[in-house]
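Line by line, the protein sequences give chains Y, C, F and A.
In this text, residue positions in the first sequence follow full-length UniProt numbering: the first is 1, and each later residue adds one.
In this text, residue positions in the second sequence follow full-length UniProt numbering: the first is 1, and each later residue adds one.
In this text, residue positions in the third sequence follow full-length UniProt numbering: the first is 1, and each later residue adds one.
In this text, residue positions in the fourth sequence follow full-length UniProt numbering: the first is 1, and each later residue adds one.
4 protein chains.
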Amino acid sequence: MIKEKILRDPVLNEIHVYDQVILDLIGTPEFQRLRRIKQLGVTSEVFHGAEHSRFAHSLGVYEIARRIEMHLSLFYPSQTAGDGLWDKEERLVLLAAALLHDLGHGAYSHTFEHIFKTDHESYTQKIILSPDTQIHAVLEQVAPDFPEKVAQVIAKTYPNPQVVQLISSQIDADRMDYLLRDAYFTGASYGHFDLARIIQMIHPYEGGIAFDDKGMYAIEDYVVSRYQMYVQVYFHPVSRAMEVLLQHLLERVMYLYQQNKENGLQNNFVSPLLQPLFRGEVNLQEYLMVDDAVLLANISEWRLNEDSVLADLAHRFLDRVPLKSMTISKQTRGLLPEMRALVEAVGYDPNYYTAENDSFDLPYDDFDPEAFKQRTQIELRQQNGDLVELSQRSTLVEALMGREFGDARLFFPREMLQEHPVEDVMAPIYADFQRYIENGQLIEPKPTDSVK
Amino acid sequence: MIKEKILRDPVLNEIHVYDQVILDLIGTPEFQRLRRIKQLGVTSEVFHGAEHSRFAHSLGVYEIARRIEMHLSLFYPSQTAGDGLWDKEERLVLLAAALLHDLGHGAYSHTFEHIFKTDHESYTQKIILSPDTQIHAVLEQVAPDFPEKVAQVIAKTYPNPQVVQLISSQIDADRMDYLLRDAYFTGASYGHFDLARIIQMIHPYEGGIAFDDKGMYAIEDYVVSRYQMYVQVYFHPVSRAMEVLLQHLLERVMYLYQQNKENGLQNNFVSPLLQPLFRGEVNLQEYLMVDDAVLLANISEWRLNEDSVLADLAHRFLDRVPLKSMTISKQTRGLLPEMRALVEAVGYDPNYYTAENDSFDLPYDDFDPEAFKQRTQIELRQQNGDLVELSQRSTLVEALMGREFGDARLFFPREMLQEHPVEDVMAPIYADFQRYIENGQLIEPKPTDSVK
Amino acid sequence: MIKEKILRDPVLNEIHVYDQVILDLIGTPEFQRLRRIKQLGVTSEVFHGAEHSRFAHSLGVYEIARRIEMHLSLFYPSQTAGDGLWDKEERLVLLAAALLHDLGHGAYSHTFEHIFKTDHESYTQKIILSPDTQIHAVLEQVAPDFPEKVAQVIAKTYPNPQVVQLISSQIDADRMDYLLRDAYFTGASYGHFDLARIIQMIHPYEGGIAFDDKGMYAIEDYVVSRYQMYVQVYFHPVSRAMEVLLQHLLERVMYLYQQNKENGLQNNFVSPLLQPLFRGEVNLQEYLMVDDAVLLANISEWRLNEDSVLADLAHRFLDRVPLKSMTISKQTRGLLPEMRALVEAVGYDPNYYTAENDSFDLPYDDFDPEAFKQRTQIELRQQNGDLVELSQRSTLVEALMGREFGDARLFFPREMLQEHPVEDVMAPIYADFQRYIENGQLIEPKPTDSVK
Amino acid sequence: MIKEKILRDPVLNEIHVYDQVILDLIGTPEFQRLRRIKQLGVTSEVFHGAEHSRFAHSLGVYEIARRIEMHLSLFYPSQTAGDGLWDKEERLVLLAAALLHDLGHGAYSHTFEHIFKTDHESYTQKIILSPDTQIHAVLEQVAPDFPEKVAQVIAKTYPNPQVVQLISSQIDADRMDYLLRDAYFTGASYGHFDLARIIQMIHPYEGGIAFDDKGMYAIEDYVVSRYQMYVQVYFHPVSRAMEVLLQHLLERVMYLYQQNKENGLQNNFVSPLLQPLFRGEVNLQEYLMVDDAVLLANISEWRLNEDSVLADLAHRFLDRVPLKSMTISKQTRGLLPEMRALVEAVGYDPNYYTAENDSFDLPYDDFDPEAFKQRTQIELRQQNGDLVELSQRSTLVEALMGREFGDARLFFPREMLQEHPVEDVMAPIYADFQRYIENGQLIEPKPTDSVK
């Protein structure tokens, strides 16, 4: 242990580091790079305070894990192997995994992955395991198999289920930090919950992590906060609209890049640091050179590009001209081809100027063995030691359980909603489009309307 | 007036827009560009939450001005010209000036200005006055002379002193927002004060803005908060160290650029968007194309540059390897050449690897007609209408008044402080350097030491 | 209007008074008396911060009403009678009713009313309408029918439904203040919601008060907060236990009082100020002389009373020796006589030392014409002006709607749960009692157990 | 150790108890009595939220001491006797002294002590040492000499200076809790400081408690907060006015009591529980029977007393009719007899209706061996282990040091300030009185005025 090092953090107040290895990991270029990757990508276009980085979030996850570990070693230290209590030897692997769990994220994460077919979890593991990174060098100093162990925690294959669940479960250090942090930086007044109380209620058992029953209300509040952050922030239609813009913009770049290549033309409209990604042959060091700034600087140059679609999309993205949207339902989904046709009729390529996008999430669900994406259920420990699943104790959670929140939307250029002068030959098309919308929803327009 | 538009803000809770012109100004590319300029530049390297943008700050200044204006029109509306009360006709010019006051800031503002000899206040006025900007186009719709009026407020030449003081004085909308905002995002627990109370205490008079005497404690608290933010955040030695790095890095680029030019070589190591700045011939549109991302993306490429000094400085800046520092006093300033010589002796170019830097500010001072940078004093209105200067009412402010806070420092590579093995031929030089430091201060080493 | 008067409030920051009549009402003895009535009665025995008074709460309700009224007159001032907008003439009646709505509360309200058969709402109206009170004198200065109008608002018979709903509905100034205030003083981290946002979303219509649909999440959050305060604070089993103690104590006093009376003995163990209540002939002035302190001082004297049951109950109440409790269900309710018999068997009079107590509440319910206690539903205003009931828009509220939260409990002396030495002849009775409890619930003990 | 018991606290979030002895001390009647003693006495008449009890404060001091002790045993456990580090054996004596330090306070403490010549510190020790209290019984179970040790800490005679300074010094658990708690409940927005940071900076040494130099700003902020609470809350003129009323009221009761006694009349206008105090022969059990409620209930009865001065003072106290005040200076002090004479001239007994009252305090002062009330200076530990007194490191504290804040005031009936009709024969006297006041200060009236 070193003499404590303290970092000021607006969400958790202070982040304490007591281990030289943690300090060294923070100091690596691979970790410092996370300063240049925004945690919420385009969300800051809607919530202008949300400029916080994955660097800050990663420190936060580390700090929450550290507080949990301190609680576990003080109150539930294992006495004999297999007693289901906390093994203090797991301390460093837990802290390192918490700190490093997001290491592989790329610029504007989800869109980036979709376009370049990358996967941040796999890159996180590569960075940890590759002998060429400083992260690996630091981890290796702990023990030769330490990088492997940390990678296993992130891959959820680590043998100790307590360690895995503290990093990835329905109520883990990662989620707790991002909910609190995103609430703080967006200014959402809804995402708060009592972190200290939840940590205090953690009770390990052989199968993982449970919570004392007297912490039930704090956990209930966490589940509600999580729901609120989803419906209000993560699913916000305007940030989804900006994400659609970014995705279409990159698709356009990819299209132009391929065109040039096929025609034997140079692709110097893409900066050297981005080239490997478009070429489709990116190595780890090249991957790590790309951050939000590199992507944004390219988009700034593309704003002046001779391809008018690319230049327009870059303008819309940089100058925040989001697509508009309407909700669609099962009943109205059949109308989408008509809507796209109307957008095309006034001159927009529907591949770049329209999109369909769903956002759904289950706020809490108990363990369903058939579920595609298995979720760990939250267990409450009764006075007599029995574990009871949360929704059996909380009427509120039971009420929420298994319900889906979110919506499906069609995105389209905001120009479709504007009034156009009668002399504009396109005016009837715009008017026709607008007939399909009521209270923000796609509707079957009334026949009488179409007669007019 | 339009139907109110509300933006969520973590510091002020909500930002309310009631005027189409304000909404249109926010929507211009020139204003949206401020999203890509960090408010505190390199400070986020020390306070990792401080990633907030000048966009957010500008909205905040607008919102505070709006709240003040609402207070003034409700409680102190002018009845007859010259009665010293608030003229409601000034509303829009106040709000527009508040919103736009930072429009001309460049990337990593202070360093940028120093290197490229630009001035953000003059650029702010250019953007407002140039017929080519969308900002100008929007302002002009209000009235033909409206851009000129807004520019005058920013230049402090506007005839109504109340409007000018609300934007620039010792306790104005700008300062109040940045203190609260910087405290929020850095997580400093010291920078808070009671904004609502201070606004409520504002009392206009013919010469400007005074405060009701019963608000004295709130203002006292503001003065203390301001002092605290200065000594703890703005003067932080590590963020000054990062700023030194950035400055030296850009000086190195400038040097290489000139070298290449003189040698007739290409300067394509600088991206097209930055070229005009290094050429020294930047027009307004080119100026506006440069933001933090463009600069950062260039630094990322420079990390691979063949010039080892540039590459090293870029690495230190991106991977956060700040220079270390010690405080210097009048007595020890004479030792600086020796210190620089020792740094050079182990192989660092002292022009790029050392720096001297002062940070001083007066936390509050009353009006001193001789002062270089004139400051408006804070006036408290007594029961009988007399105005009394703050320090005559507040023992605390009187105690602080006229005192300077801050320090002067020498910056140098952190390697100078490390222990070096005896077999290292440079080891005695490092040891010699370290003799000059005690408790973080530059000292005259004891003669006995030098004997050793 | 007078020059604004500001009261510092920890929950709402500041309370602003602009009307001399409001200031005068606050200054009356009848209103000042509320300083000596705790808002939450015995709840401070569980949440030790919750010592706040009905005085503070009443000011809070006034302040929230004032903020709502300011919003309504700024954004929705009525233009013509019957346009469904806000009639500014209602301002003062709204503010006065908000301030005075709790005037009639007695000491430790609910218990007090139960024992002395008083009703605080009827006393509130008496105080307002009686020509003998200073409250009445102040109100009368506004207009001769003004006391009557204020009383009507409290009785919900006032013709303007907007005024009535702002004081009493599912989301009114009263509830909003007490939820925030009780959360603040108990320290519950769950009861917060975004008051400013909710106020801003208020939209009057001819039938009352609706909310803009874009405020839906803020209202959803309010409904959840309300639920959380109920289950965690208002229904807390220990505070119900203390209330049971107080009630039985007063019943014992009443019993002794009647006994003495029948036996022609003096009742000087009851202080002069309390005598009228026990005599059953209390006039308004006498009623107003009784506050928490008067009741508490009597209980302090009763601790030394020669009646051992009274002395013991007074000791338990003052020294915080609450009864313990277990939950009971429909299935186990039949066992209650056995439980009471066991308590009696060890020497406690079950009338004073046991109690059954239910706490149930519906967190939100839409309007049910059959319901005993009619509730106004919360209406959301859509873009096109339609009103839609909250649960049709909020999946979360729909999930909660109509569900009951709370429990039924049997209270008994904590001594029943203690271990007793084998030589204690009562030991088997205690053991028998304890067999009926598992995880805090009353259960049917297993037959095998009873064999032992 | 027992399984942790958690109490919800609005200021410190949670209070944790791990020791059965602490739990038992909390459960004693002597400690529960503190629920019925307000922490700030009459201050709640000005800051209506400040109804918090000494019970809550005492728990808070305990909790802060517990957190400090945890910090000390984790980071600075003593290895060998005399190494200046923290001796874990002191844990329980520290916690018990922290919890019990205010045990002897009477109702409305300072006034009470002044009238009845009692001293709360000496009563605290009596309660701890007397074999008749339950407090003593619980403490004795730890060790026979344990009550004595706890009493020594409170008397500052305990041999370990670290324990003593944690309970009583310029920055101790007691002050830290009351500043935070009083700020929270009054709603003062100024009294906050970073408790967690200060605790973390605590560094024991053989002579007591020092703080790491890097905590300097947090301590500076504490000193400022303390100053702010003094000038804004503790010295508030209206709460001093209410205290004057209470004092004069009790003096009147004392006078009447003596009169009756001398005349052989009954004193049954004083309730049995208060009798011993007025008789001047109070034993410990009798002392402990008196709390705020007992005193308040008496005052309620006195409001109906036949002595018109007593009845009027009781009315003014209960119905909050504070005396008004003006500041007096050395220069104007000589005018006080004239002012009193004018008050008497309109019919008020100046002994009961006027008062002179000073409030001064030094916000921070270093150790002055001559000072009447010795203060421990705050020491900062430098990198090399040296201790440096705070004001030598903090320009802000140096600026504040040794300055006195506060004022001296004359209190008088508010009627003196009212306008009186010309026909009132007393009108000229009121007018004369008012000539002596300007901007709230006592002044020498201008001669021209007196001519009129």
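Note that the Cβ used here is the ideal one computed from N, Cα and C, for glycine as well.
Q: With distances taken Cα to Cα, identify the nearest neighbour of V46 of chain A among A:F211, A:P445, A:S225, A:F185.
A: Taking V46 of chain A as reference, the option from A:F211, A:P445, A:S225, A:F185 with the minimal CA-CA separation is A:F185.
**Q.** DSSP state of G82 of chain Y mapped onto helix, strand, coil
**A.** DSSP places G82 of chain Y in coil when its eight states are reduced to three.
Q: Out of Y:I437, Y:R409, Y:V138, Y:G406, state which residue places its alpha-carbon closest to the alpha-carbon of L417 of chain Y.
A: Nearest of Y:I437, Y:R409, Y:V138, Y:G406 to L417 of chain Y, Cα basis: Y:I437.
(Q) Buried or exposed for A137 of chain C, going by 16 or more other Cβ atoms inside 10 Å? (A) Exposed, because fewer than 16 other Cβ atoms sit within 10 Å of the Cβ of A137 of chain C.
Q. Alpha carbon to alpha carbon, what distance is there between W86 of chain A and V11 of chain A?
A. For V11 of chain A and W86 of chain A, the distance between alpha carbons rounds to 27 Å.
(Q) By the 9 Å beta-carbon criterion, what residues does the region 42–55 of chain Y contribute toward chain C? (A) If the cut-off is 9 Å between Cβ atoms, the region 42–55 of chain Y has S44, E45, V46, F47, H48, G49, A50, E51, H52, S53, F55 near chain C.
Q) Along the region 11–25 of chain Y, what residues have a CB closer than 8 Å to any CB found in chain A? A) When CB distances to chain A are screened at a threshold of 8 Å, the residues of the region 11–25 of chain Y falling below it are N13, E14, in chain order.
**Q.** Exposure label - N357 of chain A; buried when at least 16 CB within 10 Å
**A.** Buried, since its Cβ has 16 or more Cβ neighbours within 10 Å.
Q: Note down, in chain order, each residue of its chain lying with its Cβ closer than 7 Å to the Cβ of G60 of chain C, except the 5 sequence neighbours on either side.
A: The answer, listed in chain order, is D9, V11, L12, D177, R181.
Q | Delimiting residues of the beta strand (DSSP E) encompassing H16 of chain F | A | From DSSP, the beta strand (DSSP E) with H16 of chain F extends over 13–17.
Q. Going by beta carbon distance, what residues of the same chain come within less than 6 Å of A427 of chain C, once the five residues before and after it are set aside?
A. Taking C-beta separations shorter than 6 Å and ignoring five residues to either side along the sequence, the partners of A427 of chain C in its chain run H420, following chain order.
Q | Sheet register partners of R8 of chain A (DSSP bridge) | A | Paired residues: A:E14.
Q) Does the beta carbon of K373 of chain C sit closer than 8 Å to a beta carbon anywhere in chain A? A) Per-residue confidence for K373 of chain C stands at a pLDDT of 48, beneath the threshold of 50, marking its modelled position as unreliable; the derived number appears in the next sentence. Output row for K373 of chain C: interface = no.
Q | Which of helix, strand or coil DSSP assigns to T111 of chain C | A | DSSP, reduced to helix, strand and coil, places T111 of chain C within a helical segment of the structure shown.
Q | Proximity test, Cβ basis, 8 Å: A196 of chain C and chain F | A | The beta carbon of A196 of chain C sits closer than 8 Å to some beta carbon of chain F.
Q. Where does the unbroken alpha helix (DSSP H) through S122 of chain Y begin, and where does it stop?
A. Where S122 of chain Y is concerned, the enclosing alpha helix (DSSP H) stretches over 120–129.
(Q) Give me the chain C residues within the contact set of T395 of chain A, using Cβ-Cβ distance strictly less than 7 Å, ordered along the chain. (A) Residues of chain C whose Cβ lies closer than 7 Å to the Cβ of T395 of chain A are, in chain order, R403, F405.
Q | Whole-angstrom distance between E113 of chain F and H120 of chain F, CA atom to CA atom | A | Straight through space, the alpha carbons of E113 of chain F and H120 of chain F are spaced by roughly 8 Å.
Q | First through last residue of the alpha helix (DSSP H) which encompasses F47 of chain F | A | Where F47 of chain F is concerned, there is no enclosing alpha helix (DSSP H), because DSSP gives it neither an H nor an E.
Q: Can you give me, in chain order, the residues of the region 162–195 of chain Y that have a beta carbon less than 7 Å from any beta carbon in chain F?
A: Within the region 162–195 of chain Y, the residues whose Cβ lies closer than 7 Å to some Cβ of chain F are S189, Y190, D194, listed in chain order.
Q.
Taking a contact to mean a Cβ-Cβ separation below 8 Å, would you say D24 of chain A touches H101 of chain A in this structure?
A. Not a contact, by the Cβ cut-off of 8 Å.
Q: Would you kindly check if the distance between the Cβ of H48 of chain C and the Cβ of F55 of chain Y is under 8 Å?
A: The answer is yes: Cβ separation under 8 Å.
Q | 6 Å Cβ shell around K373 of chain A - same chain, five flanking residues per side excluded | A | Because the pLDDT at K373 of chain A is just 48, under 50, the model does not fix this residue reliably, and the value given afterwards should be weighed accordingly. Hits under 6 Å: none found.
Q: Kindly give me the distance between the Cβ atoms of V150 of chain F and L139 of chain F, rounded to whole angstroms, as I take these residues to be in contact under 8 Å.
A: Right, the Cβ-Cβ distance comes to about 6 Å (below 8 Å), so this counts as a contact.
Q) By the criterion of Cβ-Cβ separation under 8 Å, what are the contact partners of Q231 of chain Y in chain F? A) Note on identity: in this sequence residue 231 of chain Y is Val, with Gln being the wrong assignment. Within chain F, the residues Y217 have their CB atoms less than 8 Å from the CB of V231 of chain Y, given in chain order.
Q) Got a sec, what are the start and stop residues for the alpha helix (DSSP H) V244 of chain C sits in? A) V244 of chain C -> alpha helix (DSSP H) spans 237–262.
(Q) Counting only Cβ pairs nearer than 7 Å, list the residues of chain A close to V238 of chain C. (A) The premise fails here: V238 of chain C is roughly 13 Å from chain A at the closest Cβ pair, so nothing lies under 7 Å.
Q. Nearest to R403 of chain F by CA position, among Y:V142, Y:S394, Y:L288, Y:R279, is which residue?
A. Cα-wise, what sits closest to R403 of chain F is Y:S394.
Q) Are any of the Cβ atoms in chain A nearer than 8 Å to that of V422 of chain F? A) It does not: the Cβ of V422 of chain F has no partner Cβ on chain A nearer than 8 Å.
Q) Can you name, in chain order, every residue of its own chain whose Cβ lies under 6 Å from the Cβ of S271 of chain F, other than the five neighbours on each side? A) For S271 of chain F, where only same-chain residues beyond five positions count, the Cβ hits under 6 Å are N298.
Q.
Strictly below 8 Å CB to CB, what residues from chain A border P322 of chain F?
A. Going along chain A, no residue has its Cβ under 8 Å from P322 of chain F, so there is no contact; the nearest lies around 11 Å.
Q) Which two residues bound the contiguous alpha helix (DSSP H) that contains I67 of chain A? A) The question names Ile, yet the displayed sequence has Arg at residue 67 of chain A. Boundaries of the alpha helix (DSSP H) around R67 of chain A: 54–75.
(Q) As a quick exercise: from A:S78, A:Y123, A:I6, pick the residue whose alpha carbon is nearest that of G104 of chain A. (A) Closest in C-alpha terms to G104 of chain A, from the list A:S78, A:Y123, A:I6, comes A:Y123.
Q: Taking C-beta pairs closer than 9 Å, name the residues in chain A that R8 of chain F reaches, listed in chain order.
A: Result: V46, F47, H48, G49, T186, G187, A188, S189.
Q) DSSP three-state call for Y430 of chain F: helix, strand or coil? A) Secondary structure of Y430 of chain F (DSSP, three-state): helix.
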